[in-house]
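Novice: Can you keep this structure in mind? I'll have questions shortly.
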Amino acid sequence: LKSGRSKVGQRAVATHTAALGGSTAALMGAFAQHGIITVDDLDELVDTAMLLDRCPAVSGRALGVVSLAGGGTSLVSDLADDYGFAISPLDAQTEDRLRQLLPPIAVIGNPLDPTAGFGRDSARLRATLRCVADDPNVDIVVFFPLAAEPSFSQQLADDLVAVASDIDKPLVCIWTAGRHLTDGAWHTLHENGVALFTSTTGCMRALRHLATVADHRDRTPQPASAARPQAAPCDLTLLTDPLSLLASAGV
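Positions 6 to 256 (the working numbering) are the ones given, in order, by the sequence shown.
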């Protein structure tokens, strides 16, 4: 997170951290070269750190979107396109499997709207999410529940935790309704390591950074693993004598 990017911001930095602010252009160039993520605000910082902690960095940018609200499919798809992600058609075999799971009125495809009431059938919802995750054209699964009723929301959270634990692709949840779920469904997701976003834009920004990390990893030669040198024994008595500790380090 680098402040002082604008002229007004630079003046504000000068009154506080002064030269510690550094040249924005130089820092951004160095960050890009070494794969360091840059964010614009604290919300983006928290979202990105949370996602990197909970999801492996994947090189692909193909999303499999499942929304219990029809409007959610178009909203997520539009923003995904804005941030450079693809909503690719599902494999024919995946569509065949989904037809066995979804009600007849559901439109099979990606993004997928299995209809609102479908989410109350835990077994079928879990099978549907696993089916989308299994598709070769999907790199990341995005679930958009838009539920607010506490007991139903808790069931959905339990279903997401179960699915996330047995698929080998990132699963993220965009839950933009129900701030009162903080101590219930949302707590369940947080405690079980499922990436939860309360903003669609926030999710897409974080996913873009996840992809950036993967891109840098893939294009950076990895050094051959070498045995770590054995650390010298530490004289624990020095910890209670700061002056001797500094002297032992040559200070």
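Glycine is no exception: its CB is placed at the ideal position from the N, C-alpha and C atoms.
1. Is Gly114 near Leu73, with beta carbons less than 8 Å apart?
2. In chain order, what are the residue ranges of uninterrupted alpha helix (DSSP H) at least 4 long that sit wholly in the region 124-159?
3. Phe210: buried (16+ other C-beta within 10 angstroms of its C-beta) or exposed?
4. So, for Ala138: in the same chain, excluding its five sequence neighbours on each side, which residues have a beta-carbon less than 6 Å away from its beta-carbon?
5. Can you check the region 87-130 for any alpha helix (DSSP H) of at least 4 residues that lies completely inside it and give the ranges in chain order?
6. Helix, strand or coil, according to DSSP, for Ala62 in the structure here?
7. Nearest-angstrom Cα distance between Leu25 and Ser204?
8. Write down the C-beta distance between Phe202 and Asp52 rounded to the nearest angstrom, noting that I regard them as a contact closer than 8 Å.
9. Confirm, please, whether the CB-CB distance from Pro119 to Thr133 is below 8 Å.
10. Quick one: grab the DSSP three-state call for Val44.
11. Which same chain residues, not among the five before or five after Gly89, have their C-beta less than 7 Å away from its C-beta?
12. Leaving out five residues on either side along the sequence, give the residues of the same chain with a beta carbon under 7 Å from the beta carbon of Ala162.
13. Could you give the DSSP three-state label for Ser170: helix, strand or coil?
14. Can you tell me where the beta strand (DSSP E) holding Ala200 begins and where it ends?
15. Run the CB neighbour count on Arg102, radius 10 Å, all protein chains shown included, and call it buried at 16 or more, exposed below.
16. Could you check which residue in Cys178, Ala31, Ala128 has the C-alpha nearest to that of Leu107?
17. Grab me the residues of Asp86's own chain with a C-beta within less than 6 Å of its C-beta, minus the 5 sequence neighbours each way, in chain order.
18. Report yes if the C-beta distance between Asp144 and Leu95 is below 8 Å; otherwise report no.
19. Could you tell me the alpha carbon to alpha carbon distance between Pro150 and Thr43, rounded to whole angstroms?
20. Starting from the C-beta of Arg222, find all residues in its chain whose C-beta is less than 6 Å away, skip the five residues before and the five after it, and write them out in chain order.
Specialist: A quick look at the data gives this:
1. Mapped onto the sequence shown, residue 114 falls at position 109. Mapped onto the sequence shown, residue 73 falls at position 68. Gly114 places its beta carbon 8 Å or farther from that of Leu73.
2. Here the runs fully enclosed are 127-139.
3. Walking along the sequence shown from the start, residue 210 turns up at place 205. What sits at residue 210 in the sequence shown is Arg, not Phe. Buried, since its Cβ has 16 or more Cβ neighbours within 10 Å.
4. In the sequence shown, residue 138 corresponds to position 133, counting from 1. Excluding residues within five positions, the ones whose Cβ falls inside 6 Å are Val146, Ile172, Lys174.
5. Counting only runs of 4 or more, we get 97-104.
6. By 1-based counting over the sequence shown, the position of residue 62 is 57. The three-state reading of DSSP puts Ala62 in coil, since its state is none of H, G, I, E or B.
7. Taking the sequence shown and counting its residues from 1, one reaches residue 25 at position 20. Taking the sequence shown and counting its residues from 1, one reaches residue 204 at position 199. Here Leu25 scores only 48 on pLDDT, less than 50, and its place in the model should not be relied on; the value that follows carries that caveat. The alpha-carbon atoms of Leu25 and Ser204 are separated by roughly 33 Å.
8. Translated into positions along the sequence shown, residue 202 becomes position 197. Translated into positions along the sequence shown, residue 52 becomes position 47. The pair is a contact, with the Cβ atoms about 6 Å apart (cut-off 8 Å).
9. Looking up residue 133 in the sequence shown gives position 128. Looking up residue 119 in the sequence shown gives position 114. Closer than 8 Å, so yes.
10. Locating residue 44 in the sequence shown gives position 39, counting from the first residue. Of the three classes helix, strand and coil, the one that applies to Val44 here is coil, per DSSP.
11. Position 84 of the sequence shown, counted from the first residue, corresponds to residue 89. Here the set comprises Arg66, Arg213.
12. By 1-based counting over the sequence shown, the position of residue 162 is 157. So the qualifying residues of the chain are Ala190, Thr193, Leu194.
13. Within the sequence shown, numbered from 1, the residue matching residue 170 stands at position 165. In the structure shown, Ser170 sits in coil (DSSP, three-state: anything other than H, G, I, E or B).
14. As a first step, residue 200 is located in the sequence shown; it is residue number 195 there, counting from the start. Secondary structure note for Ala200: its beta strand (DSSP E) is the uninterrupted segment 200-202.
15. Here residue 102 refers to the residue found at position 97 when the sequence shown is read from its first residue. Answer is buried; the Cβ neighbour count reaches 16.
16. Within the sequence shown, the letter at position 102 stands for residue 107. Of the listed residues, the one whose Cα sits closest to Leu107 is Ala128.
17. Sequence index remark: in the sequence shown, residue 86 carries index 81 (1-based). For Asp86, where only same-chain residues beyond five positions count, there are no Cβ hits under 6 Å.
18. Here the question's residue 144 lines up with position 139 in the sequence shown. Here the question's residue 95 lines up with position 90 in the sequence shown. In this structure, Leu95 does not lie closer than 8 Å to Asp144 by Cβ.
19. Along the sequence shown, one-based indexing puts residue 150 at 145. Along the sequence shown, one-based indexing puts residue 43 at 38. Pro150 and Thr43 have their C-alpha atoms spaced approximately 29 Å apart.
20. Residue 222 sits at position 217 when you count from the first residue of the sequence shown. If you ignore the 5 residues before and after Arg222, its C-beta comes within less than 6 Å of no other C-beta in its own chain.
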